[in-house]
Amino acid sequence: MFVSSKSKLDGTRAIRGGIPVVFPIFGPPPSSPPEYAALPQHGFARTSQWALEETIMDRPEGVSVRFVHPGPPATFPHEFKLSYVVTLTAHQLSTDVHVVNSGKEDFKFQTLLHNYLAVPDSSKIKITGIDKGTTYKDKVLGMKEYESDGSALVIDKEIDRVYQKVPSQEIVVDDGAGSGYKVHFHGLEDCTIWNPQEATGSQMTDMEAGGWDRYICIEPGYVREFKTLAPGEEFTGAQTITAL
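Following numbering that gives the first Met the number 0, the residues of the sequence shown are numbered contiguously, the last one being 243.
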């Protein structure tokens, strides 16, 4: 995973790298539901202090641990339980986000796993797995909606697209140097693909010089709308990143 050398690791802001957990909103706070309007961009989970709850597996072939979120801020009116399971084996990293509505009313949320995948040179990568006809919103072009033509994506300019209900549930990154990644996901039906390139990346105070050339964000999530959980209901969104 890519982590910017200028990223703060003291909890004062989100880490520019790794896999920030986006929850309970994606992007800037919406005006509706009104109680979400005061939330920070991408919600509060990615800047929270999670606690290690248990080690699920600790064997020579891999390790798996569960982290739990401390719970909603005092100003947030919804009750929930949020946990995050991380499993690492020789060539795979799996992460699962679990959301339980522990309150007495319906709970609406969005969530996303903001993977910063390290690459030698973002200008040389190819991204496949987006089927022809898949709808996406282009944030660079003012959230205009388009359909994918099914061709491989290359990074020759800033890209920030939210692909909706990706049929394949799998994105493959060829890093142009003989290796890459396969990102398989379920429960997380959408996928954002993002790289700011120099014009935008150089304006980020926590981005190291040239950092935009050393990663690609492939971000499975449930973000095209709000997911609604009834009281007691649980949601699981999972991904597996395989090194190729």
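Think of the CB as a built atom: it goes at the ideal place given N, C-alpha and C, for glycine as much as any other residue.
The model shown is predicted, which means the values in this text are computed figures rather than measured ones.
In this structure residue 67 does not touch residue 44 by the C-beta definition: roughly 11 Å separates them, more than the 8 Å allowed.
In the displayed model, residue 160 falls within a strand according to three-state DSSP. Taking C-beta separations shorter than 8 Å and ignoring five residues to either side along the sequence, the partners of residue 205 in its chain run 3, 5, 6, 7, 12, 15, following chain order.
Judged by their CB atoms, residue 167 and residue 210 are not nearer to each other than the 8 Å cut-off. With a threshold of 16 other beta carbon atoms within 10 Å, residue 187 meets it and is buried. Between residue 165 and residue 217, the CB-CB gap reaches or exceeds 8 Å. Annotation: residue 92 to residue 174 spans about 18 Å, alpha carbon to alpha carbon. Of the other Cβ atoms in all chains shown, fewer than 16 fall within 10 Å of the Cβ of residue 55; this residue is therefore exposed. For residue 238, DSSP records a beta bridge to 94, 184.
Per DSSP, the continuous beta strand (DSSP E) segment holding residue 52 begins and ends at 50 to 58. Under the three-state reduction of DSSP, residue 197 is assigned to helix. In this structure, the beta-carbon distance from residue 233 to residue 99 falls below 8 Å. A straight-line Cα-Cα distance of about 26 Å links residue 196 and residue 184.
In the DSSP assignment, residue 233 is bridged to 99. Contact check for residue 81 against residue 219 fails: the beta carbons are separated by 8 Å or more.
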